[in-house]
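In our numbering, the protein residues as written are 24 to 1036.
What follows is the structure in structure tokens.
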């Protein structure tokens, strides 16, 4: 019989820890309220502490405990330790032999109830069952055991336990003494059910609840009353197979399949659904609520799970992800402050770890099309958490002095050696973690900015987007690391990035050292590359991290950095801040190194054995990385609906999508050695991008990867596949610049700004001007056809200002900014048409030659040029304009290539929808000032030219092109606007096409727009 997915699950993987806590073999159903695992230190422990009834906190002890016992009651204890053997754990069932006690134990689990079968094999005269609450109350009502255990934060868990046979007597344990009472309370409150020897087999069914005892009984009655253990186990097995079967794999080794399905099983350990018959108890306000038909989830360690676990659910469990976000909103509404949760547990928001990464789960889901919640309310809760709650780690206190410093200076200050902590919000053990908090909060602010953008909150968007660059304040350009600063803005020196101060480096970072936090800019990797000096240096720094020695003995290193295990050089595979790092090679044009590294790391540290998890697994936080990586892609930046392609571990992976479609990853020529992508196709079309969009997955399709044993260093290294339009909104007259931060910025009529890292994937980031700063020198005029440049350390934008038909009063102005995203400060007009003597003076273009600065412009009244002052902000005194092209053109752009200048222009009608005749044309000259001619020698002054591209059956009105950009493979690309025949309502969208050079002349293939490449 063929193995099913659940048969590959090995809950014992990671059962022995490398240093800190093990990964426990949990018995549960997917996201179920009831979870149990054997209570022992780890797999090496040879004693069990009783039998578990419910685990309410990941890594915690069982709430309630069951201890079967044979013999004299004089030897009873509230919790009995057992020697054991023959243990077998499946996700849905558990069996063990308590050898010294001679008891066979079998167990199966449902969502809110469980069942034990006990077979007593000894010869003692009496059999006893101790049912213990470690801190609470227990009672026998004549038919069943009722009780509760007190948890933290006024939260209780209740139990109803129903034995299939009534006991002959009942006792209790109170204040360390056994009594004949049938009820008791306090620490280790326990009742004892005693049976005569003739009863060799007992079946115990029970339900749990966070509401009350009667609800625990209802849960028992609804789920397992009258059912037998084999039936419950079979139901659990079926559910696990259905759940795990959403991802099916073929090929690959049996060990890789075991690691894959075990990792997937781990991702369903949390959060848990605690809705009970339409109600739930919320520790966030201590009340019972109606769930209004929406399941309530809690116990989600978001600092760990936002990175990969939540993104995985957006693909295979989008409805659950929506309900989890709805649950987070309810928590926010129920808490004293309307703050988005950071670490919601059964007992409330514990505020563990640092930063406020819950905001990332929202924008990631929203950008991936998951809706059904009040985004405006969520935004306010997230904003409150970031601005009203202290940023000090592990603290739920309101913002204080530390936060005021951050919001003013843009970073969390570090203490120097010997400097006393004076901030009351700072945890005595967790410290400030100033670099980790600054970097993490910058990412959170980027996420918040994206939500503001979706809501149209322009001012908030710009504010938080600017703050998302705060990581720059701590970047040390001399070392290429993020380096703590004191309150005076001075770097802490001397400094050791590998072995920084405090337990877990908490005086400066958080659980990991500076080598790991060097890469903690998930939201702006192009800027990080730029800060480090470009692609080459970035890759060298990555390489060095994987080879850099610890610098001291392992004994010394791990004594301070116990979370930093799973080392490959300074890289740690054992903690969540590391997960995205191996994928960063792809951002610097070397995805083959990601392919190599991922296979090495998975095989080294995630194995089908007892030490097959390198650190704290964190209930799916770590193993979701494995699931993604073995499928062949990973979400480097939650909040962007994009996945970076790595290297698959199977010949075929099929994702069964909730919409009934499938997405398949096929690896041709796959083997253990053939880990390098040679070529790829997406839905039959050549694919040279090292990433894939979320929509391509959830819409169904096939990603075909041809694999080999040697790296194809060119695959995925340059500008690659895309679909036109690349900007699917009205963005006419585009002008583009590659800014100092490594990103492309596109400016268009109306002076909106879009940003991209690759010329393909663009995001709107706002307007170049604030409302107050908008130019007003031409009354009631619009802002048209900007031209963006970088001049003497400033971003300088020339713009047209005109009312339709105002050919005499329109003109060209100039504005400046320190940053490409603005806001720009208007420097006023350069000239009007009636001042310069050229009718319809719009469409500016700036160029430098021989250290001189020039402006060209014009629209169907001739193309002219004139010299500017050295700063580019004024006309040079005494300069005279000169005409270089005739009256057929507008939208000027001049490109220098080799010995020639190429003057691009647009002819025809620009703005008549799909009836537009706009066409891009070109002439060339060996002199900037012409004459520009066509291939026959006809002059552009006489309106002669060569056609570059014109409309076709897909797009009309193709013109007003941008600057030409070259990718890493040496190919030239151009952006321009056009009307899409299928979507004329979108107005003039932006298209991207490759420029081919034929006999020294530029052209687009077939002289027409493509649908993509």
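Each residue gets a CB set at the ideal place from its N, CA and C atoms; glycine is no exception. Given the structure is predicted, the values throughout are model-derived calculations rather than measurements.
Item	Value
Alpha-carbon spacing of residue 195 relative to residue 133, whole angstroms	28 Å
As assigned by DSSP and simplified to three states, the class of residue 12	In the structure as shown, the chain starts at 24 and stops at 1036, and residue 12 therefore has no counterpart that could be examined.
Beta carbon of residue 652 nearer than 8 Å to that of residue 621	yes
One or two residues paired with residue 988 in a DSSP bridge	996
Under 8 Å between C-beta atoms of residue 183 and residue 236	yes
Close beta carbons around residue 647, own chain, < 6 Å, minus the five adjacent residues each side	290, 331, 332, 335
Own chain partners of residue 996 with C-beta closer than 8 Å, once the 5 adjacent residues on each side are dropped	742, 782, 987, 988, 989, 990, 1015, 1016, 1017, 1018
Contact set for residue 79: own chain, Cβ-Cβ below 7 Å, skip 5 residues either direction	86, 174, 180, 369
Buried/exposed call for residue 59, threshold 16 Cβ in 10 Å	buried
Any 3 or more C-beta pairs closer than 8 Å across the region 143–163 and the region 191–211	yes
Start-to-end residues for the beta strand (DSSP E) that takes in residue 805	805–814
Nearest-angstrom Cβ-Cβ length linking residue 514 and residue 540, presumed shorter than 8 Å	Actually they do not touch by this definition, with Cβ atoms about 15 Å apart.
Spatial distance of residue 936 from residue 1010 (CA atoms)	7 Å
Test item: CB-CB of residue 805 and residue 790 under 8 Å	no
Inter-stretch contact (C-beta, 8 Å, three-pair minimum) for the region 398–406 and the region 419–434	no
Sequence-distant residues of its chain with Cβ nearer than 7 Å to residue 374 (five each side left out)	365, 366, 417, 418, 419
Pick from 625, 916, 983, 300 that is closest to residue 243, judged by C-alpha positions	300
Where the alpha helix (DSSP H) through residue 259 begins and ends	252–267
Collapsed DSSP secondary structure at residue 1030 in the structure displayed	helix
Straight-line gap, residue 4 to residue 295 (C-alpha atoms, nearest Å)	No statement about residue 4 is possible, as the shown extent of the chain runs from 24 to 1036 and does not include it.
Anticipated Cβ contact below 8 Å, residue 162 with residue 217, distance rounded	Not quite, the Cβ-Cβ distance comes to about 16 Å (not below 8 Å), so this is no contact.
Residue 876 versus residue 835: straight-line alpha-carbon distance, rounded	16 Å
Three-pair Cβ contact test at 8 Å for the region 244–253 versus the region 649–663	no
Within 8 Å, strictly: CB atoms of residue 581 and residue 588	yes
Three-state secondary structure (DSSP) of residue 419	coil
Span of the beta strand (DSSP E), counted from its first residue to its last, around residue 565	Note, residue 565: premise wrong, no beta strand (DSSP E); alpha helix (DSSP H) at 558–568.
Residue environment, residue 189, which counts as buried when at least 16 other CB atoms sit within 10 Å	exposed
8 Å Cβ shell around residue 1028 - same chain, five flanking residues per side excluded	1016, 1017, 1019
DSSP state of residue 756 mapped onto helix, strand, coil	coil
Residues sharing a beta bridge with residue 978, DSSP	1003
CB of residue 535 within 8 Å of CB of residue 605, strictly	no
8 Å contact criterion, which residue 919 and residue 859 should meet: CB distance rounded	About 25 Å; that fails the 8 Å criterion.
Pick from 976, 707, 985 that is closest to residue 1034, judged by C-alpha positions	976
Cut-off 6 Å between Cβ atoms - residues of its own chain near residue 494, not counting five sequence neighbours on either side	462, 465, 544
Cut-off 8 Å between Cβ atoms - residues of its own chain near residue 854, not counting five sequence neighbours on either side	834, 835, 864, 898
One or two residues paired with residue 730 in a DSSP bridge	700
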